[in-house]
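Numbering (the working numbering), first residue to last: 63 to 146.
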Amino acid sequence: MLVWMDLEMTGLDPATEVIVEIATLITDDELNVVAEGPDLVIHQPEAALVAMDPFVVQMHTSSGLLTAIRESTITLEQAGAQTL
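Shown next as structure tokens:
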């Protein structure tokens, strides 16, 4: 079994950037999906969003993720609990 986790963040540096979306899958050894976790958009304060690099702002705006982040009520702690 393998657990796959996809994170969208406010940038590339995990020491300074924050998670804004998390999705998980579990596959067997032949990569067949055996379970799919929730895809959760995590609310972040406006200060974290305005600090993003312009390239990331454009990417998250064009995908609709930036709006979804602002509208989300899910905290990082709630997302972690739902993912586990």
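Backbone N, C-alpha and C define an ideal beta-carbon position, used for all residues, glycine too.
Asked: Pair within 8 Å by beta-carbon distance, glutamate 70 and leucine 138; Found: no
Asked: CB contact below 8 Å: leucine 127 versus chain C; Found: In the structure shown, chain C does not exist; there is a single protein chain.
Asked: Span separating the alpha-carbon of valine 80 from that of valine 95; Found: 28 Å
Asked: Check whether valine 119 and isoleucine 88 have beta carbons under 8 Å apart; Found: no
Asked: Within 8 Å, strictly: CB atoms of aspartate 90 and methionine 63; Found: yes
Asked: Sequence-distant residues of the same chain with beta carbon closer than 8 Å to threonine 135, five excluded per side; Found: His105
Asked: Whole-angstrom distance between threonine 78 and alanine 97, CA atom to CA atom; Found: 31 Å
Asked: Contact under 8 Å by Cβ, isoleucine 131 with valine 112; Found: no
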